[in-house]
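Below: one structure, written as structure tokens.
Residue numbers (mature numbering (1 follows the signal peptide of the UniProt record, and there is no 0)): -17 to -1, 1 to 147.
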């Protein structure tokens, strides 16, 4: 009898495991996978190239042709000045009055499903030091954080190292 119960329990586990694998992928705000399906494995090198291309095309050139290919349909934005989702990103980038930006990538690091870039972005007389952090999910940018500051100092710097 115990053997039959064991067989039933193992069979039920296999059935449930098959159902769980078919549910859509999702992660919580800390990047922990909940009910994840099989997405392409995260390759940091590919993620890095993908983010650099998307960054230049969308943020630098203001070319939105491939927005849907780069950004997840449920794109999460942590910049408090930009609305949520792809359309929020589009509106935010379009709100920059100077149009396309000159992007100078200083540093880029990729680890697991995260890519961060340290850039100088220049348009007309303004230069910004920016760090953007992107999380990739299923081959698209799912989540974004950023920190930026104007490189024009109001007073003399306290050290010689500055922004880059």
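For every residue, glycine included, the Cβ atom is placed at its ideal position computed from N, Cα and C. Fair warning: this is a prediction, and the values are worked out from it, not measured in the lab.
Backbone CA spacing between residue 138 and residue 111 [nearest angstrom]
Whole-angstrom Cα-Cα distance: 16 Å.
Taking the alpha carbon of residue 129 as the point to measure from, which residue in 48, 80 and 97 has its own alpha carbon closest?
It is 97.
Cβ pair count under 8 Å reaching 3, the stretch 66 to 83 against the stretch 35 to 46:
Enough Cβ pairs lie closer than 8 Å, so yes.
Using C-beta distances below 7 Å, list every residue in its chain close to residue 118, excluding the 5 sequence neighbours before and after it, in chain order.
Closer than 7 Å at the Cβ level, and outside the excluded window around residue 118, lie 14, 96, 97, 125 and 126.
Selection from 31, 107 and 29 that minimises the alpha carbon distance to residue 79:
Comparing Cα-Cα distances from residue 79 to each of 31, 107 and 29, the minimum goes to 107.
Determine the direct distance from the alpha carbon of residue 22 to that of residue 29, and round the result to whole angstroms.
Cα to Cα, the separation comes out at about 14 Å.
Give the secondary structure of residue 120 by DSSP, where H, G and I count as helix, E and B as strand, and everything else as coil.
In the structure shown, residue 120 sits in a strand (DSSP, three-state: E or B).
Taking the alpha-carbon positions, what's the residue 114 to residue 121 distance?
Rounded to whole angstroms, residue 114 to residue 121 spans 23 Å at the Cα level.
Quick one: measure Cβ to Cβ for residue 132 and residue 105, integer angstroms, because I've assumed they're closer than 8 Å.
Going by Cβ atoms, the distance from residue 132 to residue 105 rounds to 14 Å, so no, they are not a contact pair.
Could you give the C-beta distance for residue 190 and residue 87, rounded to a whole number, given that I count them as a contact under 8 Å?
The displayed coordinates of the chain run from -17 to 147. Any statement about residue 190 would go beyond what the structure contains.
On a CA-only basis, which of 64, 36, 94 and 63 is nearest residue 53? Give me that one, please.
The candidate whose alpha carbon is nearest that of residue 53 is 36.
Give me the DSSP bridge partner(s) of residue 131.
As computed with DSSP, residue 131 is found in a beta bridge with 113.
Can you tell me which residues form a DSSP beta bridge with residue 60?
127, per the DSSP bridge assignment.
Residues that DSSP places opposite residue 86 in a beta bridge:
In the DSSP output, where bridge partners are listed per residue, residue 86 has 104.
Taking all protein chains shown into account, decide if residue 135 is buried (16 or more other Cβ within 10 angstroms of its Cβ) or exposed.
Under the 10 Å beta carbon count, residue 135 is surrounded by fewer than 16 other beta carbons and is classified as exposed.
What are the partner residues of residue 91, as DSSP defines its beta bridges?
Partner(s): 100.
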